[in-house]
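Structure record follows, encoded as structure tokens.
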Amino acid sequence: MIKWVDVYKSFGEKKVLQGFTLDVAEGETMVIIGYSGSGKSVAIKHVVGLLEPDAGTVVVDGKDVPSLSRRELYNLRGSIGYVFQFAALFDSLTIGENVAMGLRKQGTLTAAEIAHRVQESLELVDLPNVQDRYPAELSGGMRKRVGIARAVALRPKYILYDEPTTGLDPVTSAVIDQLMIRMRDRLGVTSVVITHDMRSAYTVGTRIAMLYKGRVRQVGTVQEIQHTTDPVVRQFIEGRPTIEEEEPVGSGTGGARG
Ligand SMILES: Nc1ncnc2c1ncn2[C@@H]1O[C@H](COP(=O)(O)OP(=O)(O)OP(=O)(O)O)[C@@H](O)[C@H]1O
Ligand SMILES: [Mg+2]
27 MIKWVDVYKS FGEKKVLQGF TLDVAEGETM VIIGYSGSGK SVAIKHVVGL
77 LEPDAGTVVV DGKDVPSLSR RELYNLRGSI GYVFQFAALF DSLTIGENVA
127 MGLRKQGTLT AAEIAHRVQE SLELVDLPNV QDRYPAELSG GMRKRVGIAR
177 AVALRPKYIL YDEPTTGLDP VTSAVIDQLM IRMRDRLGVT SVVITHDMRS
227 AYTVGTRIAM LYKGRVRQVG TVQEIQHTTD PVVRQFIEGR PTIEEEEPVG
277 SGTGGARG
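First residue of the sequence shown? That's 27 in the working numbering, and the numbers climb one at a time after it.
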């Protein structure tokens, strides 16, 4: 279970989260949608303790993240796969070494088991032959998939995907969507997926939450979100450029009324 409880977070004058509350149940895939700059990445960075709330808290697996010691936080991070928005790979390491890094740190598998796990994880994201190449030799979409392979290689209980399909072609995006569904159905992974891609949101989400002005504007099943009557949520999911007026007020100041 992952839960944000009344989280506030500002950077200087900039208020980002303002009473953000959301519960992600075990086995669920919670999709978070919202405008660019609304604080989606900030919200998930709190889950792994990369950011600390100004007020409120975040609870993962029953543990109060902001109050964990360094060591406890380190252990918690071992159970969370984090797919960064901008695939943060080590340029000086091969793809295979990048994917293996977390497993080596865990120190529970033998070298042969790690090699096997790395191969298997890269196959899952449809990149079976890139182990010995370097990040600079891959396209942006391929690097993104390596970031996903690295997260799933740990067989984590939780996976946080920050825009896993942004910048990918439609077919590769669909492959990633299927992978996220497989992680949930076969391995029982609980995940949070940040996306702008509504097609992906409807495909992978068990529920969808919209972050707006620092809070959850609405959270519901795919059906509930698709049928929402909230104008802010409607506008976002339909990708309309402006909010329609509630109702035309009179006939304006033109000459029509005479
Ligand atoms: N470490 C930081 N220091 C200062 N400001 C930050 C920091 N991290 C995020 N912000 C600010 O917080 C706001 C929310 O950023 P965030 O990255 O969470 O947006 P987002 O919803 O993920 O947007 P996008 O969809 O573009 O990825 C932005 O105004 C950003 O500039
Ligand atoms: Mg972001």
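Ideal Cβ placement from N, Cα and C applies to all residues, glycine included.
Evaluate leucine 213 with the Cβ neighbour count: other Cβ atoms within 10 Å of its Cβ, from every protein chain shown; 16 or more gives buried, anything less gives exposed. exposed
Among residues of its own chain, excluding the 5 on either side of serine 16, which ones have a beta-carbon nearer than 7 angstroms to its beta-carbon? This structure gives no information on residue 16, because the portion of the chain shown stretches from 27 to 284.
Environment of aspartate 223 [buried if 16+ CB atoms lie within 10 Å]: buried
Per-residue burial, serine 64 [other beta carbons within 10 Å of its own, 16 or more giving buried]: buried
Check whether the Cβ of lysine 66 sits closer than 6 angstroms to any heavy atom of ligand 2, and report yes or no. yes
Report yes if the C-beta distance between tyrosine 184 and isoleucine 106 is below 7 angstroms; otherwise report no. yes
Output the distance between the C-alpha atoms of arginine 169 and alanine 235, rounded to the nearest integer angstrom. 27 angstroms
So proline 182 packs on valine 215, CB below 8 angstroms; how close in whole Å? 7 angstroms
Hey, tyrosine 187 and valine 109 are a contact pair by Cβ (cut 8 angstroms); roughly how many whole angstroms apart? 5 angstroms
For the structure I just gave you, are there three or more beta carbon pairs, one from the stretch 80-96 and one from the stretch 154-163, closer than 8 angstroms? no
Among Leu43, Leu76, Ala113, Phe112, nearest to arginine 103 - alpha-carbon criterion: Leu76
Taking 6 angstroms as the cut-off, is the C-beta of glycine 246 nearer than that to any heavy atom in ligand 1? no
For leucine 237 and alanine 69, believed in contact at Cβ under 8 angstroms, the rounded distance: 7 angstroms
Does ligand 1 have even one heavy atom less than 6 angstroms from the beta-carbon of serine 62? yes
Taking only runs that begin and end inside the stretch 95-164, name each unbroken alpha helix (DSSP H) of 4 or more residues, in chain order. 96-103, 121-132, 137-150
Cutting at 8 angstroms between CB atoms, please list the residues of its own chain near aspartate 256, excluding the five before and the five after it. Arg243, Gln244
Ligand 1 heavy atom lying under 6 angstroms from the CB of phenylalanine 37: yes
Just the C-alpha distance for isoleucine 251 and alanine 227, rounded to the nearest angstrom, thanks. 10 angstroms
Let me check you understand the geometry: is the CB of valine 42 closer than 6 angstroms to at least one non-hydrogen atom of ligand 1? yes
Three-state secondary structure assigned by DSSP to threonine 221: coil
Mapping DSSP to helix, strand and coil, what is valine 201? helix
For serine 93, which of helix, strand or coil comes out of DSSP? helix
Span separating the alpha-carbon of alanine 114 from that of glycine 128: 13 angstroms
Can you check DSSP and say which residues form a bridge with arginine 241? Tyr238
Counting along the chain, where does the beta strand (DSSP E) carrying valine 57 start and finish? 55-59
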